[in-house]
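Chemist: Residue numbers (the working numbering): -10 to 302.
By construction, the Cβ of each residue, glycine as well, lies at the ideal position given by its N, Cα and C atoms.
Everything numeric in this text was worked out from a predicted model, so none of it was measured.
Here you go, one structure.
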Ligand code: UDP
Ligand code: MG
């Protein structure tokens, strides 16, 4: 019996990129004869003709399956849905825009099969073609999160990875609502090999990630994998108490020995501003964690399926 490789492809408005992707993956599947392919396209509430394109592929190619969400739930939800539906002995997640080269599959398969790796991950060593400010912020983010979190986040790591069943099952055990996959993949551990490659620009269409979306995603990552910001607010509070204590002593001594002409309105205002600012900042941090806990306790489904190829065929 040939082993099955499930390829999960989250698609959000990828009508233009899909034909290139399909052609490329079809080519690779013919070269990789040792595996049977299962292609799971997850249509994440696209507003263009992505679903129509997927239905057409499903009609002519039995390896193609699709899951279509009732609205846009985000890439994380799409990946999770794909992992839940994948039947393969090996599973890989790939973007539809060919930024994750399918040609690496052969090497990934070899490493998993012959060298006993549970997971083969990929990372971009360059960020060529990206706005410099975005690359800079990304680098800073990885530095920060690795300081704050015990789980290691690899700079430039893509969601493109080749996993065996053991690892996929472990990931499926993590049913949290606020999913930050880069962290979840490292959290579950397993023997991982990293393949490196240069950044490739998307073949067609445009990126779905605005700077703001990435910023929110970064915050999600920090709250999901670190509680250090909470400690930080406590430490800040302590430092401020200490400073004010010293100031009180200084003022008492000054008044006792030198008398105290009433002065210092501006400095007082500055102090009030500073302290209330710090308080609001710390409350904001707590609010972040509280809101995540709130969403988590609601136990809402991570995604909702509108239609899928299972019911269609
Ligand atoms: N994607 C998705 N849902 C979203 C946003 C993106 O399924 O809400 C998919 C998208 O179709 C693509 C992958 O996630 O296959 C990566 O998105 P994109 O290429 O826009 O991100 P970038 O590579 O620029 O980081
Ligand atoms: Mg992309």
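(1) Distance check for residue 191 and residue 300, CA to CA, integer angstroms please.
(2) Out of 149, 218, 104, state which residue places its alpha-carbon closest to the alpha-carbon of residue 277.
(3) So is the beta-carbon of residue 86 under 6 Å away from any non-hydrogen atom of the ligand MG?
(4) Would you mind working out which of 208, 165, 107 sits nearest residue 183, comparing C-alpha positions?
(5) For residue 150, write down the residues that DSSP places opposite it in a beta bridge.
(6) Would the beta-carbon of residue 77 fall within 7 Å of that of residue -7?
(7) Is the beta carbon of residue 191 within less than 6 Å of some heavy atom of the ligand MG?
(8) Taking DSSP as the reference, what is the three-state secondary structure of residue 282?
(9) Under 6 Å from any heavy atom of the ligand UDP, does the C-beta of residue 69 make it?
(10) Residues bridged to residue 177 by DSSP?
(11) Would you say the beta carbon of residue 201 comes nearer than 6 Å to a heavy atom of the ligand UDP?
(12) Throw me the rounded Cβ distance for the residue 164 and residue 210 pair, which I believe falls under 8 Å.
(13) As a quick exercise: from 5, 177, 82, 8, pick the residue whose alpha carbon is nearest that of residue -5.
(14) Under 6 Å: does the beta carbon of residue 106 sit that close to some heavy atom of the ligand UDP?
(15) Where does residue 54 sit, in a helix, a strand or coil, going by DSSP?
(16) Please specify which runs of the beta strand (DSSP E), each continuous and at least 3 residues long, are wholly inside the region 173 to 217, giving them in chain order.
(17) Say the cut is 6 Å; is the CB of residue 3 nearer than that to a heavy atom of the ligand UDP?
(18) How about residue 14 and residue 91: do their beta carbons lie closer than 7 Å?
(19) Under 8 Å by Cβ, that's how I've got residue 116 and residue 188 pegged, so tell me the actual separation to the nearest angstrom.
(20) Would the region 277 to 292 count as touching the region 16 to 28 if we require 3 or more Cβ pairs under 8 Å?
(21) Closest to residue 80 by CA distance: which of 150, 39, 23, 52 is it?
(22) Should residue 224 be labelled buried (16 or more other beta-carbon atoms within 10 Å of its own) or exposed?
(23) Just to confirm, is the Cβ distance from residue 129 to residue 135 under 7 Å?
(24) Indicate the three-state DSSP secondary structure (helix, strand or coil) for residue 297 in the structure shown.
(25) Cβ atoms of residue 52 and residue 28: under 7 Å apart, would you say?
(26) Write down the C-beta distance between residue 33 and residue -1 rounded to the nearest angstrom, noting that I regard them as a contact closer than 8 Å.
Modeler: So, from the data block:
(1) The residue labelled residue 300 in the question sits at position 311 within the chain shown. The residue labelled residue 191 in the question sits at position 202 within the chain shown. Their backbone Cα atoms lie some 32 Å apart in a straight line.
(2) Start at 1 with the first residue of the chain shown, and residue 277 comes out as number 288. Of the candidates 149, 218, 104, the one whose C-alpha sits nearest the C-alpha of residue 277 is 218.
(3) Along the chain shown, one-based indexing puts residue 86 at 97. Between the ligand MG and residue 86, a heavy atom-to-CB distance of less than 6 Å is present.
(4) Within the chain shown, the letter at position 194 stands for residue 183. Closest by alpha carbon: 107.
(5) Within the chain shown, residue 150 is the residue found at index 161, counting from 1. Per DSSP, 110.
(6) On the chain shown, residue 77 is found 88 positions in, with the first residue counted as 1. On the chain shown, residue -7 is found 4 positions in, with the first residue counted as 1. Between residue 77 and residue -7, the C-beta spacing is below 7 Å.
(7) Position 202 of the chain shown, counted from the first residue, corresponds to residue 191. Residue 191 Cβ: within cutoff of the ligand MG.
(8) Within the chain shown, the letter at position 293 stands for residue 282. In this structure, residue 282 counts as helix in the three-state DSSP scheme.
(9) Translated into positions along the chain shown, residue 69 becomes position 80. Not so, every heavy atom of the ligand UDP lies at least 6 Å from the Cβ.
(10) Taking the chain shown and counting its residues from 1, the one referred to as residue 177 is at position 188. Residue 177 is not bridged to any residue.
(11) Position 212 of the chain shown, counting from 1, holds the residue named residue 201. Result no, Cβ not under 6 Å from the ligand UDP.
(12) Sequence index remark: in the chain shown, residue 164 carries index 175 (1-based). Sequence index remark: in the chain shown, residue 210 carries index 221 (1-based). No, residue 164 and residue 210 are not in contact; Cβ-Cβ is about 18 Å, not under 8 Å.
(13) Against the chain shown, residue -5 aligns to sequence position 6. Each of 5, 177, 82, 8 was checked against the Cα of residue -5, and the nearest Cα belongs to 82.
(14) Reading the chain shown from its first residue, position 117 is the one you call residue 106. No, the Cβ of residue 106 stays beyond 6 Å of every heavy atom of the ligand UDP.
(15) In the chain shown, residue 54 corresponds to position 65, counting from 1. Strand.
(16) Entirely contained in the region 173 to 217, the beta strand (DSSP E) runs reaching 3 residues are, in chain order, 181 to 186.
(17) Here residue 3 is taken as the residue at index 14 of the chain shown, counted from 1. Result yes, Cβ under 6 Å from the ligand UDP.
(18) On the chain shown, residue 14 is found 25 positions in, with the first residue counted as 1. On the chain shown, residue 91 is found 102 positions in, with the first residue counted as 1. In this structure, residue 14 sits near residue 91, with a CB-CB distance shorter than 7 Å.
(19) Taking the chain shown and counting its residues from 1, the one referred to as residue 116 is at position 127. Taking the chain shown and counting its residues from 1, the one referred to as residue 188 is at position 199. Contact flag correct, Cβ pair sits at about 5 Å.
(20) Segments in contact, no.
(21) As a position in the chain shown, residue 80 is number 91, starting the count at 1. Residue 80 has its Cα closest to that of 150, out of 150, 39, 23, 52.
(22) For the purposes of this step, residue 224 is taken as residue 235 along the chain shown, with counting starting at 1. Flag for residue 224 reads exposed.
(23) Position 140 of the chain shown, counting from 1, holds the residue named residue 129. Position 146 of the chain shown, counting from 1, holds the residue named residue 135. Judged by their CB atoms, residue 129 and residue 135 are not nearer to each other than the 7 Å cut-off.
(24) What you label residue 297 is simply residue 308 of the chain shown in a count that begins at 1. In the three-state scheme derived from DSSP, where H, G and I count as helix and E and B as strand, residue 297 is classed as strand.
(25) Counting from 1 along the chain shown, the entry for residue 28 is found at position 39. Counting from 1 along the chain shown, the entry for residue 52 is found at position 63. Contact: yes.
(26) Numbered from its first residue, the chain shown carries residue 33 at position 44. Numbered from its first residue, the chain shown carries residue -1 at position 10. Right, the Cβ-Cβ distance comes to about 6 Å (below 8 Å), so this counts as a contact.
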